[in-house]
Amino acid sequence: MYRLYGVQDFANLVVHQALEELGVPYEAVFLDADAGELKSPAHLARHPLGLVPALETPEGTIFETGACLLFLGERHGLAPAPGTAARGAFLSWFVFVNNGIHTAAMDLIHPYRVSEAHARIVSEAARARLVERLATLDAMAATRPDWLSPEEPGILGLYISMLLRWLRAFPWAPDLAISAHDTPALLAIARACETRPAAIRAAAANGLSGAFFTQPEA
0 MYRLYGVQDF ANLVVHQALE ELGVPYEAVF LDADAGELKS PAHLARHPLG
50 LVPALETPEG TIFETGACLL FLGERHGLAP APGTAARGAF LSWFVFVNNG
100 IHTAAMDLIH PYRVSEAHAR IVSEAARARL VERLATLDAM AATRPDWLSP
150 EEPGILGLYI SMLLRWLRAF PWAPDLAISA HDTPALLAIA RACETRPAAI
200 RAAAANGLSG AFFTQPEA
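Note that the sequence shown covers residues 0 to 217 in numbering that gives the first Met the number 0.
Below is the structure:
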């Protein structure tokens, strides 16, 4: 049995969707960030910085989005297995998304964490990096590898789809929003993901409905 700790519509969303895709027993526990539950001693024991997601597993608690996804993907077949021919390419692109897209997205959305005085500059620079990196990612996705396709998106497809939601819905300045329509291969994956029954169930638990990846409401 897994227990996923998160906040509604935070990064735990993609882990929640992966658990639903797997059909394994789990419990989703939503914390109240405004009430300070992320900084409670109990949650700090799960994640040393008081962030989400945190995933309790039979092998111990795992934190950080990428770690949770890789753990589930390896244990349950949502990613190429270690030792297979596709593993190297999958890992390279997974880390590319985790380090290159997710990290830059946080600067687009929360530039004041870098510099309150220069938030606009930070956000604009992040957007420029994201546009370039998304184009690179889109070109790879257009080749439709088995581990990243609209038919079988796996953990990487779900991860990318959640980030596309963020880039459109949550930029610090609305005029800096990035539309998935500029990356057609990624858009196809996100459209497929948001219609999967498992993703819809997890999204509903997070208060989301409709085209939550491709046409999100801020």
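By construction, the Cβ of each residue, glycine as well, lies at the ideal position given by its N, Cα and C atoms.
This structure is a prediction, so every number in the text was calculated from the model and none was measured.
| query | Which stretch, first to last residue, makes up the alpha helix (DSSP H) that contains residue 64? | reply | First-last of the alpha helix (DSSP H) with residue 64: 64-75.
| query | Taking the C-alpha atoms as reference points, what is the distance between residue 49 and residue 85? | reply | For residue 49 and residue 85, the distance between alpha carbons rounds to 34 Å.
| task | In the DSSP assignment, find the alpha helix (DSSP H) that holds residue 204 and state where it starts and stops. | result | 196-204 is the span of the alpha helix (DSSP H), which, as asked, contains residue 204.
| request: Assign residue 26 to one of three DSSP states: helix, strand, or coil. | output: In the structure shown, residue 26 falls within a strand segment according to DSSP collapsed to helix, strand and coil.
| Among 120, 110, 213, 64, the one whose alpha carbon lies nearest that of residue 93 | Closest option to residue 93, judged by alpha-carbon separation, among 120, 110, 213, 64: 64.
| Quick one: is residue 117 buried, meaning 16 or more other Cβ sit within 10 Å of its Cβ, or exposed? | The residue is exposed, with fewer than 16 neighbouring Cβ atoms inside 10 Å.
| query | Anyone know if the C-beta pair for residue 52 and residue 96 falls short of 8 Å? | reply | No, these two residues do not count as a Cβ contact at 8 Å.
| request: State buried or exposed for residue 72, treating a residue as buried only when at least 16 other CB atoms are found within 10 Å of its CB. | output: Classification of residue 72: buried, given that the 10 Å Cβ count is 16 or more.
| task | Please report how far the alpha carbon of residue 66 lies from the alpha carbon of residue 179, in whole angstroms. | result | When rounded, the distance between both Cα atoms is 25 Å.
| field | Exposed unless 16 or more other CB atoms sit within 10 angstroms - verdict on residue 98 | value | Label assigned to residue 98: exposed.
| task | Sort out for me which residues DSSP pairs residue 99 with in a bridge. | result | Beta-bridge partners assigned by DSSP to residue 99: none are found.
| message | Looking only at its chain, what residues have a beta carbon closer than 8 Å to the beta carbon of residue 170, apart from the 5 residues adjacent to it on each side? | response | Excluding residues within five positions, the ones whose Cβ falls inside 8 Å are 107, 108, 122, 126, 176, 177.
| field | Through-space distance from residue 41 to residue 138, alpha-carbon basis | value | Distance between the alpha carbons of residue 138 and residue 41 is about 43 Å.
| task | Measuring only between beta-carbons, confirm whether residue 161 sits less than 8 Å from chain B. | result | Absent here is chain B; the protein component of the structure consists of one chain.
| For residue 19, which of helix, strand or coil comes out of DSSP? | It is helical.
| query | Does the Cβ-Cβ distance between residue 3 and residue 11 come in under 8 Å? | reply | Cβ distance < 8 Å, so residue 3 and residue 11 count as in contact.
| request: Determine the direct distance from the alpha carbon of residue 6 to that of residue 89, and round the result to whole angstroms. | output: Cα-Cα distance, rounded: 28 Å.
| task | Specify whether the stretch 76-83 and the stretch 159-166 touch according to this definition: at least 3 beta carbon pairs, one from each stretch, less than 8 Å apart. | result | Contact between the stretch 76-83 and the stretch 159-166 is absent, because fewer than three Cβ pairs lie under 8 Å.
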